[in-house]
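Just below is one structure, and these are the notes that go with it.
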Amino acid sequence: DAGVIQSPRHEVTEMGQEVTLRCKPISGHDYLFWYRQTMMRGLELLIYFNNNVPIDDSGMPEDRFSAKMPNASFSTLKIQPSEPRDSAVYFCASSLPQGEAFFGQGTRLTVV
Amino acid sequence: GDSVTQMEGPVTLSEEAFLTINCTYTATGYPSLFWYVQYPGEGLQLLLKATKADDKGSNKGFEATYRKETTSFHLEKGSVQVSDSAVYFCALSAQYNFNKFYFGSGTKLNVKP
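Protein chains in written order, with the numbering used here: chain A, 1 to 112; chain B, 113 to 225.
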């Protein structure tokens with residue numbers, strides 16, 4: 001398996017624009033996680049899914065953030081409108097039930 | 113709530129020095145404990161894990177022992193290499209919600225030749 005695949009690897013956008021980050025989990029993994037990593041706050045769990053259903057979105061910072069998982073092999077994290085303080089590295093991870101999390105390489109988002 | 117606290121970095125060592133990165137946790141019951149490593153520009157990779165008290169996880173010369181009595185899971189390596197330079201994250205998953213992971217803030221390790 002190719003592992004967790006995220007796209008794009010880098011995204012630069014202007015404030016106010018919509019940003020969509022994409023993730024393909026490892027085939028067969030039931031759980032999918034979105035994390036945000038910044039120097040100030042470290043690694044924060046934003047939301048996670050089980051069998052495509054959102055289980056806990058308490059980490060989503062604002063209504064500007066939304067995540068979907070339309071099927072077992074694809075998830076998106078959308079920010080609309082984006083702000084400079086959203087600049088961070090966003091990681092997607094997936095896991096089996098009671099298994100460790102496997103991370104993608106991340107998307108580095110810069111909002112100018 | 114559940115949480116992980118690890119020592120702040122950066123930690124700078126010379127090659128072949130002994131490494132300890134401290135990690136303590138707060139959790140109800142018996143969580144599973146993990147160490148992840150992040151190399152520059154990459155995602156986190158599982159380094160080792162322990163799922164019950166007194167278990168020792170080990171990989172690539174790194175070790176950590178699950179100590180219930182001190183709620184700790186310190187990472188150790190007897191002789192570090194330049195290639196070990198990375199950020200190390202301690203993490204737990206709760207006994208009753210295994211698939212929700214809590215990560216520490218990360219400790220950056222710099223190993224000099």
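We put the beta carbon where it would ideally sit given N, CA and C, even for glycine. Small disclaimer: the values here were computed from a predicted structure and weren't measured.
Coil, strand or helix - residue i by DSSP
i: Asp86(A); result: helix
i: Val112(A); result: coil
i: Ser73(A); result: coil
i: Ser197(B); result: coil
i: Ser58(A); result: coil
i: Val192(B); result: coil
i: His186(B); result: coil
i: Ser27(A); result: coil
i: Val12(A); result: strand
i: Glu44(A); result: strand
i: Val4(A); result: coil
i: Glu127(B); result: coil
i: Asn52(A); result: coil
i: Ala67(A); result: strand
i: Gln118(B); result: strand
i: Asn134(B); result: coil
Neighbour flag for residue i against chain B, beta carbons, 8 Å
i: Leu21(A); result: no
i: Phe74(A); result: no
i: Phe103(A); result: yes
i: Gly106(A); result: yes
Beta-bridge pairing of residue i - partner residues as DSSP gives them
i: Gly206(B); result: For the sequence presented, residue 206(B) should be read as Ala rather than Gly. According to DSSP, which records beta bridges pairwise, Ala206(B) is partnered with Asn209(B).
i: Phe215(B); result: Ala203(B)
i: Gly169(B); result: Ala176(B)
i: Arg22(A); result: Ser7(A), Thr76(A)
i: Tyr148(B); result: Leu158(B), Phe201(B)
i: Leu96(A); result: Note: Leu96(A) sits in no beta bridge, so no partner.
i: Thr38(A); result: Gly42(A)
Beta carbon proximity, residue i to chain A, threshold 8 Å
i: Ser217(B); result: yes
i: Asn211(B); result: yes
i: Phe201(B); result: yes
i: Gly155(B); result: yes
Neighbouring residues, chain B, relative to residue i (Cβ below 7 Å)
i: Glu100(A); result: Phe146, Leu158, Lys161
i: Asp56(A); result: Lys212
i: Pro97(A); result: Asn211
Whole-Å CB distance - residue i paired with residue j, under 8 Å assumed
i: Thr138(B); j: Asp114(B); result: 6 Å
i: Ala101(A); j: Ala88(A); result: Not a contact, Cβ separation roughly 18 Å.
i: Thr177(B); j: Lys164(B); result: Not really, about 11 Å apart at Cβ, beyond 8 Å.
i: Pro25(A); j: Ser73(A); result: 7 Å
i: Leu77(A); j: Trp34(A); result: 5 Å
i: Pro84(A); j: Val112(A); result: 7 Å
i: Lys224(B); j: Glu127(B); result: 7 Å
i: Tyr151(B); j: Ala198(B); result: 5 Å
i: Phe233(B); j: Lys161(B); result: For residue 233(B) there is no data in the structure shown, the boundaries of chain B being 113 and 225.
Within chain B, the residues that residue i reaches when beta carbons sit closer than 8 Å
i: Phe91(A); result: Gly155, Leu156
i: Gly42(A); result: Phe215, Gly216, Ser217, Gly218
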